Every structure is written in C-alpha cells, then in structure tokens.
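Residue numbers (this note's numbering): 2 to 90.
Step one of this worksheet: look at the structure below.
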C-alpha cells in the first residue's frame, strides 16, 4: 500500500464503512476468531482449520475508543482498509 501524497500526522486516511465490525466485549471477538479458525478449513473430515484467515483477522483488528474518554472497543475492518494495518503486504 502506497500513499499518493504526504500524509500529515493525525490526518484521517480512512473512514469506516459498513464493513467495520465493532466488538464491545473481548469474549465476542475471541469467539469470532475461533469460529473462523474452526469452520472455514479446507477439509473438515481431516480436521483441517483455516489458521491463515483467523491470523489475518487478528492482525486487522485494533482497540480504540470511539469517543473521547469513552470505553475501548475492538474494531475490525473487513475490507481493503485492512491493508493499512499491515505494512508488510
């Protein structure tokens, strides 16, 4: 991912869309990751699991307050905006 211009510190570079998931409890987020890991493998009969997608989703998630001095939430963007959270790809 490359920027086409200089980006100022603190400048908004991505606005959440309807592809943004907000988890209000860590337990729900963990259940989501485990569901991906357990249910989307290549071969259920062999017990294969999809660790790659679960790991990507983990990397694409972050903790953020949605309002000043508000509670922290776990946020995950499930679209191209996720690429901004992983600088090596």
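Beta carbons are placed, not taken as given, at the ideal position from N, Cα and C, and that holds for glycine.
Predicted, not measured: the structure shown is a model, and the values here were computed from it.
- Taking 8 angstroms as the cut-off, the beta carbon of residue 23 is found no closer than this to the beta carbon of residue 79.
- Boundaries of the alpha helix (DSSP H) around residue 30: 27-40.
- Taking the C-beta atoms as reference points, residue 36 is found no nearer than 8 angstroms to residue 58.
- Judged by DSSP secondary structure, residue 77 falls within the beta strand (DSSP E) whose first and last residues are 73-78.
- The beta carbon of residue 52 lies closer than 7 angstroms to those of 38 in the same chain, with the five residues before and after it left out.
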